[in-house]
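This report concerns only the one structure given below.
There are 2 protein chains.
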Amino acid sequence: MTQDIDSGTSGARRSDRTRAVILDAARRRFAAHGFERTTIRAVAADADIDPSMVMRYYGSKAQLFDAALDIDLDLPDLSAVPADGRAEALVRHFLHRWEHDEAGDALLLLLRSAVTNEHAAGRMHAIFATQVAPALAGAAGPEQAARAGLVSAQLLGLALTRYILRIPTVTHLSPEQIVTTLAPAIRATLEQR
Amino acid sequence: MTQDIDSGTSGARRSDRTRAVILDAARRRFAAHGFERTTIRAVAADADIDPSMVMRYYGSKAQLFDAALDIDLDLPDLSAVPADGRAEALVRHFLHRWEHDEAGDALLLLLRSAVTNEHAAGRMHAIFATQVAPALAGAAGPEQAARAGLVSAQLLGLALTRYILRIPTVTHLSPEQIVTTLAPAIRATLEQR
DNA sequence: AGCGTTGGCCAACATCTGTTGGCAAAGTTG
DNA sequence: CAACTTTGCCAACAGATGTTGGCCAACGCT
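Residue numbers (the working numbering), protein chains in the order written: chain A, 1465 to 1657; chain B, 1465 to 1657.
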């Protein structure tokens, strides 16, 4: 993720490193505290750099936020999975992203921010439309759009209660337990009738 | 809700009216913009009153926030409902609260705030423990706690995507459509195996 | 009427915020 | 070496925010 200082190609300025460090610190701050409570000064301090540098490299707090929101869900190809295993595959995929993947932070950042920030909510709409909806297309019964929406609702609900609100009952569950209990529900949403 | 100036009992100061108006304005602001982006000055303006009055009556922004968080989910008694209708009853209950009930605002206020505010998250834990978990006790299969947690996750996910993130696919669904598609999923979470 | 109490506003404070402009050191190019 | 660009820091501004204290009018009681 953190781009090394290779002089492989043409570009590769010395500042690329700084730029990356700033973005990294920003991602963590935004993810932990949301947009409003994240200050440019704090990000700069985390990155061991002057606040004015953040401005120079990213223009404004809003643009920095924007840069931190580039996210790829990397959804699996559900059409390659047998119909009755798709729900489980989905739940497993997201659990894995959230728990192990370092980019899982970015996902939670987006979720946390989208709740109080219109712009972030817009990004979420876009991600849903360009990544989630297409991945579920063909994997659901009639009224696909409705089902895709409600499946997303359930998965986001899991992320919300487990990683953001940290409701103890949900936090204490093992990933396996979640898969066992939630996958049938997702399957029902996708297939029933 | 807004207490009139009756001199029925002993208390009933003239300021009760103002106090209520402030709280009302605060609820709306907090619900619409969350804790950080809500300013005392804006609340005061909504209530047609001086900012310093807000302080005098509620002590601080944090305490005002606290006062706005008193919420009663008013959950139905699920043990009185036949087992295979409980999921549907739950979904209907929350949809009704969110869409028609004026106190539904308070619920969304809590959800929106809890995402970026530790204190609000704590209140959410408490509400879950004292209201949701007991209501679901006995209504779920084995490992009740786990099921209760995941049912909450699913319901909160619906609130999140429909009323807060406003993902179009979810927003466009009719309440009936949601009941039809989501209730089976909730039922699966409650009962399967 | 005279007095204390209550309800209200105004003005100011200290602090924090995003943001800007100027200036020094380090590196690059001729 | 000299000119120039890049990378960085410092200091400061302008605005907003939570919060405080003092002052005035309206009310309630005796």
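Even glycine gets a Cβ: it sits at the ideal position worked out from N, Cα and C.
Among residues of its own chain, excluding the 5 on either side of residue i, which ones have a beta-carbon nearer than 6 Å to its beta-carbon?
i	result
B:Gly1605	Glu1655
B:Pro1639	Leu1559
B:Arg1651	Ala1551
A:Leu1646	Val1555
A:Val1596	Ser1616
A:Asp1510	Ala1489
B:Asp1569	Ala1495
B:Ala1603	Leu1542, Arg1550
B:Gly1586	none
B:Ala1578	Ala1584, Ala1585, Met1588
My output table needs one value for residue i: the three-state DSSP class, helix, strand or coil.
i	result
B:Val1555	helix
A:His1497	helix
A:Ser1516	helix
A:Ser1479	helix
A:His1564	coil
B:Leu1537	coil
B:Val1485	helix
If you follow the alpha helix (DSSP H) that residue i is in, where does it begin and where does it stop?
i	result
B:Asp1510	1504 to 1510
A:Ala1590	1582 to 1591
B:Leu1629	First-last for B:Leu1629: undefined, no H or E at that position.
A:Glu1655	1639 to 1655
B:Gln1595	Counting along the chain, B:Gln1595 falls outside any alpha helix (DSSP H), and DSSP gives it neither H nor E.
A:Pro1614	Correcting the residue identity first, residue 1614 of chain A is Leu in this sequence and not Pro. Here the alpha helix (DSSP H) through A:Leu1614 covers 1608 to 1623.
A:Ala1604	Per DSSP, A:Ala1604 belongs to no alpha helix (DSSP H) and is neither H nor E.
A:Arg1438	Only positions 1465 to 1657 of chain A appear in the structure, and residue 1438 of chain A is not among them; the question remains open.
A:Asp1530	1525 to 1532
In chain order, what residues of the same chain have a beta carbon less than 8 Å from the beta carbon of residue i, not counting five sequence neighbours either side?
i	result
B:Ala1553	Pro1540, Leu1542, Val1545
B:Leu1624	Leu1575
B:Trp1562	Gly1568, Leu1571, Leu1572, Ala1623, Arg1626, Tyr1627
A:Ala1506	Arg1493
For residue i, which residues of its own chain have a beta-carbon under 7 Å away from its beta-carbon, when the five flanking residues on both sides are left out?
i	result
B:Phe1666	No information on residue 1666 of chain B is available, as it lies outside the stretch 1465 to 1657 that chain B covers here.
B:Asp1514	Ala1508
A:Ala1601	Gln1608
Between the options, which has its C-alpha nearest residue i's C-alpha?
i	options	result
B:Ala1609	A:Leu1620, A:Met1588, A:Thr1635, A:Gln1595	A:Thr1635
A:Pro1632	B:Thr1645, B:Leu1622, B:Leu1629, B:Arg1611	B:Arg1611
A:Ala1532	A:Ala1484, A:Thr1644, A:Thr1625	A:Ala1484
A:Val1518	A:Arg1481, A:Gly1613, A:Leu1537	A:Arg1481
B:Asp1536	B:Ala1590, B:Ile1628, B:Ala1578	B:Ala1590
B:Leu1637	A:Leu1614, A:Arg1492, A:Arg1626, A:Leu1619	A:Leu1614
A:Leu1487	A:Arg1626, A:Ala1508, A:Gly1568, A:Ile1628	A:Ala1508
B:Ile1642	B:Leu1619, B:Ala1593, B:Leu1629, B:Ile1628	B:Leu1619
A:Lys1525	A:Tyr1627, A:Arg1630, A:Asp1548, A:His1583	A:His1583
A:Asn1581	B:Arg1630, B:Pro1515, B:Glu1566, B:Ile1504	B:Arg1630
B:Gly1621	B:Ser1516, B:Ala1649, B:Ala1601	B:Ala1649
B:His1557	B:Thr1503, B:Ala1593, B:Asp1534, B:Ala1599	B:Ala1599
B:Gly1523	B:Asp1548, B:Ala1547, B:Ile1504, B:His1497	B:Ile1504
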